[in-house]
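Taken in sequence, the protein lines are chains A and B.
Oh and the first sequence: position 152 is 214 in our numbering, straight run, nothing missing.
Oh and the second sequence: position 56 is 655 in our numbering, straight run, nothing missing.
A quick write-up on the structure given underneath.
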Amino acid sequence: MAQDTGGAKDAGPWIDPLKYSEAGKEMPKEVLETARKTGPLTYTVLIDEKHLVSKLYNMVNVPTGVWINEKGRIVRPNEVAFADDRFKGFSGLDSAPYLNAIKDWAEKGDKSIYAMSEDRLREKLAAQNPDFAQAAAEFGLGEQLYKAGNLPEAIPHFKEAQRLNPRSWNYKRQAYKLSGESDYGTTFAEEVKKAGGSKVYYPPPELPKTGEPEKKP
Amino acid sequence: MKANISSGLLLVLLLAVLPAAGKEIHATVVYDDVATGIDSAREDADQLWITTADLTRATRFEVKPQGVCRDVLCFPLPKAKKQEFLHQDAGKTWFNLTAFARLVRQPVAHDAALSTWYFGLRSDQNQTLSSLYAPDFTLPDINGKQHSLSDFHGKKVLLVTWASW
Numbered sequence: 063m064a065q066d067t068g069g070a071k072d073a074g075p076w077i078d079p080l081k082y083s084e085a086g087k088e089m090p091k092e093v094l095e096t097a098r099k100t101g102p103l104t105y106t107v108l109i110d111e112k113h114l115v116s117k118l119y120n121m122v123n124v125p126t127g128v129w130i131n132e133k134g135r136i137v138r139p140n141e142v143a144f145a146d147d148r149f150k151g152f153s154g155l156d157s158a159p160y161l162n163a164i165k166d167w168a169e170k171g172d173k174s175i176y177a178m179s180e181d182r183l184r185e186k187l188a189a190q191n192p193d194f195a196q197a198a199a200e201f202g203l204g205e206q207l208y209k210a211g212n213l214p215e216a217i218p219h220f221k222e223a224q225r226l227n228p229r230s231w232n233y234k235r236q237a238y239k240l241s242g243e244s245d246y247g248t249t250f251a252e253e254v255k256k257a258g259g260s261k262v263y264y265p266p267p268e269l270p271k272t273g274e275p276e277k278k279p
Numbered sequence: 600m601k602a603n604i605s606s607g608l609l610l611v612l613l614l615a616v617l618p619a620a621g622k623e624i625h626a627t628v629v630y631d632d633v634a635t636g637i638d639s640a641r642e643d644a645d646q647l648w649i650t651t652a653d654l655t656r657a658t659r660f661e662v663k664p665q666g667v668c669r670d671v672l673c674f675p676l677p678k679a680k681k682q683e684f685l686h687q688d689a690g691k692t693w694f695n696l697t698a699f700a701r702l703v704r705q706p707v708a709h710d711a712a713l714s715t716w717y718f719g720l721r722s723d724q725n726q727t728l729s730s731l732y733a734p735d736f737t738l739p740d741i742n743g744k745q746h747s748l749s750d751f752h753g754k755k756v757l758l759v760t761w762a763s764w
């Protein structure tokens, strides 16, 4: 799910780098190499110009992963979901434990030790601060104004979304991409530092250690 | 004296909920992330009144005797406060979309200079998460083909968001 206001124009080169890199946008060498090796992606990749998934699931950053079982029930809610170690230098997160957890769940289903208990899920999915719903509306309005060609009018609404939900990196980074960090009087690096560093930016997934099933009350 | 204050207050309240008489402007309503141009809207501070015909055009909701309805969804209007939502004027029925948003606990963001109104997720659309079921959505792939989360029912789904930025 690409959370990209720019739609296929911005997300396309990452989905089909061989096709879209020819269209002008140069992609990192390793992305092109992987695409040449593996061919077209075999999983479903969707483009979410309105950040609908982030809105419905209250997501605040990318990559965010949610596990959903065969019945459509959430098994693990929002968490940092790295499929490789591309950003390990910044995040300090090794993708292996998360990937192992996914494999365990794929095999054992709801009996996997990584399937969260219902109580923990309820805690995690507890009702949101109403300011966050208002923040999503301000962000949506900003996107609408931007798409209608009114970037200067969009910026105050993007700022308001960031003020109402300061934990959302999506609101910050998408807005910076649409105009520039200078419109917000800050930089990404400064914001990460202010928030408490990359460990706060990418909190590690809460995974029980192997062999220690999650305590169920 | 007390009675005077109450009736004064009532008058002020009534004025506050009636649409600005006469003055009609062009507004844009964004509902379910779809933008619709409204040629004759009435704005009064933080209130937006549109005709019931425009209500249906912009939101697919219709005013029916049992309430404001769309498909199987129906929100009854509180009888005592009906005038807060509906108003007859200039041969049209006006509907207060912002009062309706408050009723269904829906956030509204407004750009006054461009008369653009964004209506966010209603509380009924936000309740899915607390049921522990994954909220459904439909989005296009790079070729424009639509996919819904519910298409994957019966399979495990690893939902991952990413972005180019």
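Beta carbons: idealized from backbone N, C-alpha and C, even for Gly.
No experiment lies behind these values; they were computed from the predicted model shown.
For this session: Output yes or no for whether 8 Å exceeds the beta carbon distance between M178(A) and V115(A).
Result: Mapped onto the first sequence, residue 178(A) falls at position 116. Mapped onto the first sequence, residue 115(A) falls at position 53. Judged by their CB atoms, M178(A) and V115(A) are not nearer to each other than the 8 Å cut-off.
Exercise. P75(A) to G68(A), Cα distance in whole Å?
Worked result: Start at 1 with the first residue of the first sequence, and residue 75(A) comes out as number 13. Start at 1 with the first residue of the first sequence, and residue 68(A) comes out as number 6. P75(A) and G68(A) have their C-alpha atoms roughly 12 Å apart.
Exercise. Can you tell me whether DSSP reads S639(B) as helix, strand or coil?
Worked result: Here the question's residue 639(B) lines up with position 40 in the second sequence. Reduced to three states, the DSSP call for S639(B) is strand.
Exercise. Who pairs with I624(B) in a beta bridge, going by DSSP?
Worked result: In the second sequence, counting from the first residue as 1, residue 624(B) sits at position 25. Answer is A640(B), bridged to I624(B).
Exercise. Measuring CB to CB, does E623(B) end up less than 8 Å from A644(B)?
Worked result: In the second sequence, the residue the question calls residue 623(B) occupies position 24. In the second sequence, the residue the question calls residue 644(B) occupies position 45. No; because the gap between Cβ atoms is not below 8 Å, this pair is not in contact.
For this session: Give the C-beta separation of A143(A) and V759(B) to the nearest angstrom, bearing in mind that I take them to be a contact with Cβ-Cβ under 8 Å.
Result: As a first step, residue 143(A) must be located in the first sequence, where it is residue number 81. As a first step, residue 759(B) must be located in the second sequence, where it is residue number 160. About 5 Å; that satisfies the 8 Å criterion.
Exercise. At a CB-CB cut-off below 7 Å, which residues of chain B make contact with Q224(A)?
Worked result: Along the first sequence, one-based indexing puts residue 224(A) at 162. The premise fails here: Q224(A) is roughly 13 Å from chain B at the closest Cβ pair, so nothing lies under 7 Å.
Exercise. Which one or two residues does DSSP pair with R701(B) in a beta bridge?
Worked result: Counting from one through the second sequence, the residue named residue 701(B) turns up at place 102. Looking at the DSSP assignment, R701(B) forms no beta bridge with any residue, so it has no partner.
For this session: Apply the 10 Å Cβ neighbour rule to K234(A) and answer buried if 16 or more other Cβ atoms are within range, or exposed otherwise.
Result: Residue 234(A) sits at position 172 when you count from the first residue of the first sequence. Buried is the call here.
Problem set entry | Sub-8 Å separation of Y263(A) and L155(A) beta-carbons | Stepping through the first sequence from its first residue, residue 263(A) is reached at position 201. Stepping through the first sequence from its first residue, residue 155(A) is reached at position 93. Contact flag unset, no.
Problem set entry | Ordered list of alpha helix (DSSP H) runs contained in the stretch 130 to 176 of chain A, each at least 4 residues | Within the stretch 130 to 176 of chain A, the complete alpha helix (DSSP H) runs of at least 4 residues are 150 to 153, 158 to 170.
Exercise. Hey, is the stretch 739 to 757 of chain B in contact with the stretch 204 to 222 of chain A, meaning 3+ C-beta pairs nearer than 8 Å?
Worked result: Contact check between the stretch 739 to 757 of chain B and the stretch 204 to 222 of chain A: fewer than three CB pairs, one atom from each, fall below 8 Å, which does not count as touching.
Problem set entry | Within chain B, the residues that T126(A) reaches when beta carbons sit closer than 8 Å | On the first sequence, residue 126(A) is found 64 positions in, with the first residue counted as 1. For the C-beta of T126(A), the chain B residues within less than 8 Å are, from N- to C-terminus, V759, T760.
Exercise. Among E132(A), T106(A), A158(A), which has the Cα closest to the Cα of D740(B)?
Worked result: Position 141 of the second sequence, counting from 1, holds the residue named residue 740(B). When each option's Cα is compared against that of D740(B), the closest is T106(A).
Exercise. With C-beta atoms as the reference, is A73(A) less than 8 Å away from P706(B)?
Worked result: Here residue 73(A) refers to the residue found at position 11 of the first sequence. Here residue 706(B) refers to the residue found at position 107 of the second sequence. With respect to the 8 Å criterion, A73(A) and P706(B) are not classified as neighbours on the basis of their beta carbons.
Exercise. Which same chain residues, not among the five before or five after S153(A), have their C-beta less than 6 Å away from its C-beta?
Worked result: Position 91 of the first sequence, counted from the first residue, corresponds to residue 153(A). The residues S260, Y264, in chain order, have a CB closer than 6 Å to that of S153(A) in the same chain once the five nearest residues on each side in sequence are set aside.
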